[in-house]
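Right, one structure below, let's go through it.
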Amino acid sequence: MASTYSDAVMEHFRNPRNCGELEDASAAGEAVNPLCGDRLRLTLKIGGGRIVAARFKAFGCVAAIASASRLTEMLEGRTLEQARALTNREVADSLGGLPGAQQACSVLAEQALREALDRYEAATSD
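Here the numbering used here is used: the first residue of the sequence shown is 51, the next is one more, and so on.
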């Protein structure tokens with residue numbers, strides 16, 4: 051398995067960053083891959099229009115976990131607009147790429163992020 055993935059992917063899989071759930075989350079989003087059953091929950095703490103903290107819980111493959119771990123690192127300190135502009139491709143590229151068949155697994159993190167941001171904006175726009 052290690053030869054299929056970059057060292058960065060394997061590092062994030064073996065030692066994922068920002069695991070868990072924020073107790074005082076401002077927003078949360080979830081995503082599921084119906085084909086393989088991978089699941090991801092992302093929680094965000096937002097303050098001053100920026101993401102202050104991001105945490106994730108996942109049940110999934112190497113690519114799903116590594117992508118979620120890397121995404122949480124990339125999110126902290128970004129504005130909501132900058133966060134919304136992030137794509138699964140950028141996350142995968144920052145990990146040194148993912149094998150073609152595993153690209154779809156990195157989409158879970160992006161989907162959970164979009165849902166969390168949508169929910170936050172809906173709750174704060176009233």
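Ideal Cβ positions, reconstructed from N, Cα and C, are used throughout, including at glycine.
The three-state secondary structure of LEU158, taken from DSSP, is helix.
Taking every protein chain shown into account, the CB of ALA173 has fewer than 16 other CB atoms within 10 angstroms, so this residue is exposed. Taking C-alpha positions only, THR137 is separated from GLN153 by approximately 12 Å. In its chain, beyond the 5 residues on either side, SER56, ALA58, VAL59, HIS62, ALA116, SER117, ARG120 have a beta carbon closer than 8 Å to the beta carbon of LEU145. Only residues of its own chain outside the window of five on either side were considered, and among them ASP88, ARG89 have a CB closer than 7 Å to the CB of PHE109, listed in chain order.
Cβ contact annotation for ARG134 (same chain, cutoff 6 Å, sequence separation greater than five): LEU167, in chain order.
Across the set GLY147, LEU158, ALA159, ARG164, the C-alpha of ARG164 shows the shortest separation from the C-alpha of GLU131. By a beta-carbon distance limit of 8 Å, ARG169 does not contact THR129. Their separation comes to about 17 Å. Within the same chain, Cβ atoms closer than 6 Å to the Cβ of GLY70 are found at ARG105, the five residues on either side in sequence being excluded. If you ignore the 5 residues before and after ALA162, its C-beta comes within less than 8 Å of the C-beta of GLY79, GLU80, ALA81, LEU90, ARG91, LEU92, PHE106, ALA118, all in its own chain and listed in chain order.
When ALA159, SER175, PRO149 are compared, the shortest CA-CA separation from THR54 is found for PRO149.
For ARG64 and GLY98, the gap between their C-alpha atoms comes out near 33 Å. If you look at LEU130, you'll find it in the alpha helix (DSSP H) that goes 130 to 135.
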